[in-house]
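These notes concern the structure reproduced below.
Number of protein chains: 2
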Amino acid sequence: MTKARKTVLEVVEQEGSPLSARQIGARIAGHDTATVYRALHYLEEKGLIDSFVLHCDRHGTERYYTTGGACHRHWFHCVECHRFIDLGECVVGDMIEKIGRQKGLAVTGHTFFATGLCADCQAAGKMPGRLPSDTCSTQTD
Amino acid sequence: MTKARKTVLEVVEQEGSPLSARQIGARIAGHDTATVYRALHYLEEKGLIDSFVLHCDRHGTERYYTTGGACHRHWFHCVECHRFIDLGECVVGDMIEKIGRQKGLAVTGHTFFATGLCADCQAAGKMPGRLPSDTCSTQTD
DNA sequence: TCAATTTTGCAAATCATTTGCAAAATACTG
DNA sequence: CAGTATTTTGCAAATGATTTGCAAAATTGA
Numbered sequence: 254m255t256k257a258r259k260t261v262l263e264v265v266e267q268e269g270s271p272l273s274a275r276q277i278g279a280r281i282a283g284h285d286t287a288t289v290y291r292a293l294h295y296l297e298e299k300g301l302i303d304s305f306v307l308h309c310d311r312h313g314t315e316r317y318y319t320t321g322g323a324c325h326r327h328w329f330h331c332v333e334c335h336r337f338i339d340l341g342e343c344v345v346g347d348m349i350e351k352i353g354r355q356k357g358l359a360v361t362g363h364t365f366f367a368t369g370l371c372a373d374c375q376a377a378g379k380m381p382g383r384l385p386s387d388t389c390s391t392q393t394d
Numbered sequence: 254m255t256k257a258r259k260t261v262l263e264v265v266e267q268e269g270s271p272l273s274a275r276q277i278g279a280r281i282a283g284h285d286t287a288t289v290y291r292a293l294h295y296l297e298e299k300g301l302i303d304s305f306v307l308h309c310d311r312h313g314t315e316r317y318y319t320t321g322g323a324c325h326r327h328w329f330h331c332v333e334c335h336r337f338i339d340l341g342e343c344v345v346g347d348m349i350e351k352i353g354r355q356k357g358l359a360v361t362g363h364t365f366f367a368t369g370l371c372a373d374c375q376a377a378g379k380m381p382g383r384l385p386s387d388t389c390s391t392q393t394d
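Given below as structure tokens:
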């Protein structure tokens, strides 16, 4: 494991919540953007980190990286302060594997995250853009 | 509703499965890419269509659009033939709203989709890239 | 230690998506 | 219905995340 890769992995592990390549690069001094991306690909290939793509109006569409391996978790993204909040371990994996199997599908992965307002932003009186509908397969931010 | 917007909406509604802006543009003659994107933004703003961002190795990272409104569904994406298969109506909305509420979060949206091998590609003997682990918050394609 | 392989930095290229701007289409007013 | 105000469209250029070519630097192996 080269120094660059080790550094990237440490940043992701120490953060505790999802980070974009841009954010990771900003936490690392003296490493090129391309090196960060290549390190992230390497680490994901090795199963050491996981990732998902999320779009928010502040940061645009970016891939976010989290610690991988055994512990797969899901995340909530606040559309106001743009912080991630841990929703706990995966609760949809078994369910979707079963639904898929009934349709003859071999489900090997899934992407899931929720969006809305975190407690702080609700207290600050912020209102989400689109309140009532719980849009499935849709991000409202 | 202008002609361009109506045409885009019809394409999405008639397709029945998610389409990217690129694919929609290809199904429409004589409309600029920018017009297609603006029409999609308009239709999503009006709640007539929904969307989600998915990355696959063949098409890269793209936003896919589906019919919106009352009927929110989830999709399976085959990592081999890159077709979408309907998994049925949303089954995670209530669950995640409840989990979020316990943490003080106001969940207003979520993104969910599964990936793997469809029945046809399994029959054709294709093997998914990463077989066993059901990676949460992760796409394996 | 020297050659072979891999990784890095830099700059340029990609690719989906967005935006400025003037022309075209549509809506509104009298 | 004409005339003006508003919105939408097409085209071209800009954006921004991510990728890639290539030569230098670092690492590995003999």
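Protein sequence lines correspond, in order, to chains A and B. Read in order, the letters of the first sequence correspond to residues 254 to 394 in the numbering used here. Read in order, the letters of the second sequence correspond to residues 254 to 394 in the numbering used here. Backbone N, C-alpha and C define an ideal beta-carbon position, used for all residues, glycine too.
For residue i, three-class secondary structure by DSSP
i: ARG275 of chain A; result: helix
i: ASP282 of chain B; result: Here the sequence assigns Ala to residue 282 of chain B, which means Asp is not the residue at that position. If DSSP states are grouped into helix, strand and coil, ALA282 of chain B belongs with coil.
i: PHE261 of chain A; result: The sequence given here has Val at residue 261 of chain A, not Phe. In the structure shown, VAL261 of chain A sits in a helix (DSSP, three-state: H, G or I).
i: GLY369 of chain B; result: strand
i: HIS294 of chain A; result: helix
i: VAL345 of chain B; result: coil
i: GLY269 of chain A; result: coil
i: GLY357 of chain A; result: coil
i: LYS379 of chain A; result: coil
i: THR393 of chain B; result: Confidence in THR393 of chain B is poor, its pLDDT being 30 and thus under 50, which makes the residue's placement unreliable; the coordinate value appears in the next sentence. Residue state, collapsed to three classes: coil.
i: ASP387 of chain A; result: Confidence in ASP387 of chain A is poor, its pLDDT being 32 and thus under 50, which makes the residue's placement unreliable; the coordinate value appears in the next sentence. Coil.
i: LYS351 of chain A; result: helix
Span of the alpha helix (DSSP H) around residue i
i: CYS374 of chain A; result: 372 to 376
i: GLU333 of chain B; result: No alpha helix (DSSP H) holds GLU333 of chain B; DSSP gives it neither H nor E.
N-terminal and C-terminal residue of the beta strand (DSSP E) that residue i is part of
i: ASP339 of chain A; result: 337 to 342
i: ASP303 of chain B; result: 302 to 309
i: THR255 of chain A; result: It is not in any beta strand (DSSP E) - THR255 of chain A carries neither H nor E in the DSSP assignment.
i: GLY313 of chain A; result: 313 to 320
Residue i CB to nearest heavy atom of the ligand NAP below 8 angstroms
i: TYR317 of chain B; result: Summarising the ligand content, the structure contains no ligands, and the ligand NAP is consequently not present.
- Message: Please list, in chain order, the residues of the region 335 to 349 of chain B that have any C-beta partner in chain A closer than 9 angstroms.
- Response: Flagged, chain order: ILE338, ASP339, LEU340, GLY341, GLU342, CYS343, VAL344, VAL345, GLY346, ASP347, MET348, ILE349.
- Contact set between the region 256 to 280 of chain A and chain B, restricted to residues whose Cβ is under 9 angstroms from the partner: Residues PRO271.
- Task: Examine the Cβ distances between the region 341 to 358 of chain B and the region 363 to 380 of chain A and report whether three or more of them are shorter than 8 angstroms.
- Result: Contact between the region 341 to 358 of chain B and the region 363 to 380 of chain A is present: 3 or more CB-CB pairs across the two stretches fall below 8 angstroms.
- Message: Check whether the region 351 to 360 of chain B and the region 310 to 320 of chain B touch, using three or more Cβ-Cβ pairs below 8 angstroms as the test.
- Response: At 8 angstroms Cβ cutoff, the stretches do not touch.
- Item | Chain-ordered residues of the region 354 to 376 of chain A with a beta carbon less than 8 angstroms from chain B | Cβ contacts with chain B: LYS356, GLY357, LEU358, ALA359, VAL360, THR361, GLY362, HIS363, THR364, PHE365, PHE366, ALA367, THR368, GLY369, LEU370, CYS371, ALA372, GLN375.
- Query: Taking a cut of 7 angstroms between CB atoms, which residues from the region 297 to 320 of chain A lie near chain B?
  - Reply: For the region 297 to 320 of chain A, which is checked against every Cβ of chain B, the residues closer than 7 angstroms are ASP303, SER304, PHE305, VAL306, HIS308, THR314, THR319.
- Specify whether the region 286 to 294 of chain A and the region 319 to 335 of chain B touch according to this definition: at least 3 beta carbon pairs, one from each stretch, less than 8 angstroms apart. In this structure the region 286 to 294 of chain A does not lie against the region 319 to 335 of chain B, because fewer than three pairs of beta carbons, one per stretch, are closer than 8 angstroms.
- Query: Between the region 255 to 272 of chain B and the region 327 to 343 of chain B, do at least 3 Cβ pairs fall closer than 8 angstroms?
  - Reply: The answer is yes - the region 327 to 343 of chain B touches the region 255 to 272 of chain B, with three or more Cβ pairs under 8 angstroms.
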